[in-house]
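Residue numbers (the working numbering): 61 to 231.
Ideal Cβ positions, reconstructed from N, Cα and C, are used throughout, including at glycine.
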Amino acid sequence: MPVDPNTLTLAIYPAPILKIRAEEVDITDPNVHAVAQRMIEMMFEYQGVGLAAPQVGLSWRIFVTRNPEDEDAGIAWINPRLEIIDKTLEIDEEGCLSLPEIRGDIRRSVGIKISGWDMNGNHAEMVSDAFIARVWQHENDHLDGVLILDKMSALDRLVNRRQIKSLERAV
61 MPVDPNTLTL AIYPAPILKI RAEEVDITDP NVHAVAQRMI EMMFEYQGVG LAAPQVGLSW
121 RIFVTRNPED EDAGIAWINP RLEIIDKTLE IDEEGCLSLP EIRGDIRRSV GIKISGWDMN
181 GNHAEMVSDA FIARVWQHEN DHLDGVLILD KMSALDRLVN RRQIKSLERA V
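As structure tokens, this is what we get:
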């Protein structure tokens with residue numbers, strides 16, 4: 061069933077869609093490309109560095125990020141796959157558009173190879189050991205129903221407990 065990209069809204073925790081493993085999509089479906097384009101627009105509107113389809117209410121394996129070669133442009137990854145190419149782990153602070161005002165230290169692999177499909181239906185690959193590798197892992201977690209809350213330390217959960225409870229009460 062086609063989705064009107066103009067009706068997409070940001071899903072805020074504890075929206076159930078955020079905890080569901082997303083399904084692969086048909087890369088030839090023009091609606092998929094329209095949704096991905098709208099997600100790029102939304103990412104910039106919310107001043108994010110990435111946005112996954114579950115965050116806009118869709119259980120689709122799509123995420124968008126800022127283009128590492130041009131920060132003013134977005135790039136879509138459709139049915140992405142990540143491969144760890146450097147198992148060194150690094151801890152850095154992360155936030156999430158679906159978890160407003162919540163931040164925590166998250167451990168991620170340093171080097172990542174991503175492959176998937178772009179909005180033109182072409183196969184694409186990139187490799188990075190820069191900040192974008194962290195973003196890819198964060199957004200890919202969303203496609204598996206994993207949030208930073210699931211990865212942060214007990215101390216970070218404690219520090220954020222008031223905001224977490226506030227979001228849970230808001231539903």
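Span of the beta strand (DSSP E) around residue i
{"i": "Glu143", "result": "Asp130 to Cys156"}
{"i": "Glu185", "result": "His183 to Ser188"}
{"i": "Asp165", "result": "Leu159 to Trp177"}
{"i": "Val124", "result": "Ile122 to Asn127"}
Residue i classed as buried or exposed, judged by whether at least 16 other C-beta atoms fall within 10 angstroms
{"i": "Gly110", "result": "buried"}
{"i": "Gly164", "result": "buried"}
{"i": "Asp201", "result": "buried"}
{"i": "Phe123", "result": "buried"}
{"i": "Ser213", "result": "exposed"}
{"i": "Arg194", "result": "buried"}
{"i": "Leu215", "result": "exposed"}
{"i": "Arg98", "result": "buried"}
{"i": "Ile100", "result": "buried"}
Residue closest to residue i, alpha-carbon to alpha-carbon, out of the options
{"i": "Pro62", "options": "Lys79, Tyr73, Pro74 and Trp120", "result": "Trp120"}
{"i": "Ser175", "options": "Arg167, Met212 and Ile135", "result": "Ile135"}
{"i": "Ile226", "options": "Pro74, Thr69, Glu105 and Leu68", "result": "According to the sequence shown, residue 226 is Ser rather than Ile. Taking only the C-alpha atoms, the option nearest Ser226 is Pro74."}
{"i": "Phe104", "options": "Arg126, Val85, Ala94 and Glu153", "result": "Arg126"}
Range of the contiguous alpha helix (DSSP H) that encloses residue i
{"i": "Leu209", "result": "Ile208 to Lys211"}
{"i": "Arg229", "result": "Arg221 to Arg229"}
{"i": "Ala96", "result": "Pro90 to Glu105"}
Beta-carbon gap between residue i and residue j smaller than 8 Å
{"i": "Ala82", "j": "Gln115", "result": "no"}
{"i": "Gly117", "j": "Leu157", "result": "no"}
{"i": "Ile224", "j": "Val187", "result": "no"}
{"i": "Ile87", "j": "Trp177", "result": "yes"}
{"i": "Pro90", "j": "Ala190", "result": "no"}
{"i": "Val205", "j": "Lys79", "result": "A quick correction: the sequence has Gly, not Val, at residue 205. Contact: yes."}
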